[in-house]
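For the protein sequence lines, the chains are Z and F, in the order given. Take 1 as the starting number for the first sequence in the working numbering and just add one per residue. Take 1001 as the starting number for the second sequence in the working numbering and just add one per residue. Report on the following structure.
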Amino acid sequence: SQTIHQWPATLVQPVGSPLSLECTVEGTSNPNLYWYRQAAGRGLQLLFYSVGIGQISSEVPQNLSASRPQDRQFILSSKKLLLSDSGFYLCAWRVQRDTEAFFGQGTRLTVV
Amino acid sequence: SQQGEEDPQALSIQEGENATMNCSYKTSINNLQWYRQNSGRGLVHLILIRSNEREKHSGRLRVTLDTSKKSSSLLITASRAADTASYFCATDSGAGSYQLTFGKGTKLSVIP
């Protein structure tokens, strides 16, 4: 069966420090991968999605970047964190568009 | 940008009552999905309804879709305390897009 792993679960980072959040999917190949951010008590903002290795689509220009170095690995990065980067980051995958998505458990990032 | 808009933002009901949440969207869609999120956790897929369907059932869940009004509703019958969560609608737009766009959610509280 397919599973998605997202880590770490919580992270506290100082302003100006780098960030790397990792998401991996098991049990499937060539998934569509997504990074979302959720502010406290708010909806999900789509940050990036990828339909294949090295293919990244950015939805919101900001202080973050994403990479897909392997088929089932999706990484969210920042060179220098801002206070406004705080939030709940969620990774998700699905087989193809127009199907259900499966989410990781999320990473709570607090920038101090 | 957010496509879906849920209504109400928050809903509090007694156990055993029915809960109805609504979702409106702006552009044409291929399908509309509903997800549930327990506090501080990832989202879980509940149901997907395609643009050519008008109603779908899954257990105590009933979803309707009115493409002429660009709206959908989620009905949870005979609610339980365990149904307490936030509920989100999400849409797959047409035109070959891979984006899965979420609304801001309805926070449901079921009082025992």
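Beta carbons are placed, not taken as given, at the ideal position from N, Cα and C, and that holds for glycine. Since this is a predicted model, take the numbers as computed values, not measurements.
Problem set entry | Member of Z:Gly52, Z:Thr3 and Z:Ala101 whose CA lies at the smallest distance from the CA of Asn30 of chain Z | Numbered from 1 along the first sequence, position 30 holds the residue referred to as residue 30 of chain Z. Cα-wise, what sits closest to Asn30 of chain Z is Z:Gly52.
Problem set entry | Neighbour flag for Leu109 of chain Z against chain F, beta carbons, 9 Å | If you number the first sequence from 1, residue 109 of chain Z lands on position 109. It does not; no Cβ of chain F falls within 9 Å.
Exercise. Taking Cβ-Cβ distances shorter than 9 Å, what residues in chain Z pair up with Asn1031 of chain F?
Worked result: The residue labelled residue 1031 of chain F in the question sits at position 31 within the second sequence. One finds Asp98 and Thr99 in chain Z with Cβ atoms closer than 9 Å to the Cβ of Asn1031 of chain F, taken in chain order.
Problem set entry | Beta-bridge partners of Ile56 of chain Z, as assigned by DSSP | Along the first sequence, one-based indexing puts residue 56 of chain Z at 56. Answer is none; Ile56 of chain Z lacks a bridge partner.
For this session: Using a Cβ cut-off of 9 Å (strictly closer), state whether Arg94 of chain Z contacts chain F.
Result: By one-based count along the first sequence, residue 94 of chain Z stands at place 94. Judged by the 9 Å Cβ criterion, Arg94 of chain Z is in contact with chain F.
Problem set entry | 9 Å Cβ cut-off: residues of chain F touching Phe103 of chain Z | Numbered from 1 along the first sequence, position 103 holds the residue referred to as residue 103 of chain Z. Simply Tyr1035, Gln1037, Arg1041, Gly1042, Leu1043, Val1044 and His1045.
Exercise. For Ala1085 of chain F, which residues of its own chain have a beta-carbon under 7 Å away from its beta-carbon, when the five flanking residues on both sides are left out?
Worked result: Along the second sequence, one-based indexing puts residue 1085 of chain F at 85. Here the set comprises Arg1036, Gln1037, Asn1038 and Leu1108.
For this session: Closer than 9 Å, Cβ to Cβ, to anything on chain Z: give me those residues from the stretch 1093-1107 of chain F, in chain order.
Result: Gly1096, Ser1097, Tyr1098, Gln1099, Leu1100, Thr1101, Phe1102, Gly1103, Lys1104, Gly1105 and Lys1107
Exercise. Do Gln1099 of chain F and Glu22 of chain Z have their C-beta atoms closer together than 9 Å?
Worked result: Here residue 1099 of chain F corresponds to residue number 99 of the second sequence, with the count starting at 1. Here residue 22 of chain Z corresponds to residue number 22 of the first sequence, with the count starting at 1. No.
Exercise. Per DSSP, what kind of secondary structure is Ser84 of chain Z in: helix, strand or coil?
Worked result: The residue given as residue 84 of chain Z occupies position 84 in the first sequence. Secondary structure of Ser84 of chain Z (DSSP, three-state): helix.
Exercise. Of all Cβ atoms in chain F, is any one closer than 9 Å to the Cβ of Gly106 of chain Z?
Worked result: Your numbering for residue 106 of chain Z matches position 106 in the first sequence. At least one chain F Cβ lies under 9 Å of Gly106 of chain Z.
For this session: Please say whether Leu90 of chain Z and Gln13 of chain Z have beta carbons closer to each other than 9 Å?
Result: Here residue 13 of chain Z refers to the residue found at position 13 of the first sequence. Here residue 90 of chain Z refers to the residue found at position 90 of the first sequence. No, these two residues do not count as a Cβ contact at 9 Å.
Exercise. Looking only at C-alpha atoms, which of Z:Arg37, Z:Thr99, Z:Lys79 and Z:Arg108 sits nearest to Asn63 of chain Z?
Worked result: Locating residue 63 of chain Z in the first sequence gives position 63, where the first residue counts as 1. Nearest of Z:Arg37, Z:Thr99, Z:Lys79 and Z:Arg108 to Asn63 of chain Z, Cα basis: Z:Lys79.
Problem set entry | Unbroken stretches of the beta strand (DSSP E), 3 residues or longer, contained in the stretch 1035-1102 of chain F | 1043-1050, 1055-1058, 1061-1066, 1071-1076, 1085-1093 and 1100-1102
For this session: State yes or no: is the beta carbon of Ala1090 of chain F nearer than 9 Å to at least one beta carbon in chain Z?
Result: The residue you call residue 1090 of chain F lines up with position 90 of the second sequence. Chain Z contact via Cβ: present.
Problem set entry | Buried or exposed (CB count within 10 angstroms, at least 16 for buried), Gln38 of chain Z | Taking the first sequence and counting its residues from 1, one reaches residue 38 of chain Z at position 38. Buried.
Exercise. Can you pull the DSSP bridge partners for Val25 of chain Z?
Worked result: In the first sequence, the residue the question calls residue 25 of chain Z occupies position 25. Its beta-bridge partners are Z:Ile4.
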